[in-house]
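What follows is a short report on a single structure.
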Amino acid sequence: MAGKNSILDIDMQIEKLHERRKELLVKSAERFARAATKSGLAEMDIADTEIDQIISEITTRFRERKKRNIGDASAASHRKTNGGTGASTEAARVS
1 MAGKNSILDI DMQIEKLHER RKELLVKSAE RFARAATKSG LAEMDIADTE IDQIISEITT
61 RFRERKKRNI GDASAASHRK TNGGTGASTE AARVS
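For the sequence shown, the UniProt record's numbering assigns the number 1 to the initial residue and increments by one for each residue that follows.
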């Protein structure tokens, strides 16, 4: 019987996750709709294919920015640990 309860629990968790996913998708759609309305984009007569292309370009731009930021943070972290002049470097010289 414990196995059945466990399966039922998992099924309930899956259902909750599906509901949560739906909520997040709705919130995301509302967020983009507000931005499109605020900018006037929603009032323009733009074909769906053009909108898809615009969104794709924006997505690419933000992904590239994120990659650069991650790369910059990684490089800064690498410089700090390998060539910095912080306390750990000074302590190593004293020893």
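Ideal placement from N, C-alpha and C gives every residue a C-beta, glycine not left out. Remember, it's a predicted structure, so these values are computed and weren't measured experimentally.
- Taking 8 Å as the upper bound for CB-CB distance, ALA42 and ALA36 are in contact here, some 4 Å apart.
- For ASP9, there are no CB contacts under 8 Å within the same chain when 5 residues up- and downstream are skipped.
- For ALA36, the three-state secondary structure derived from DSSP is helix.
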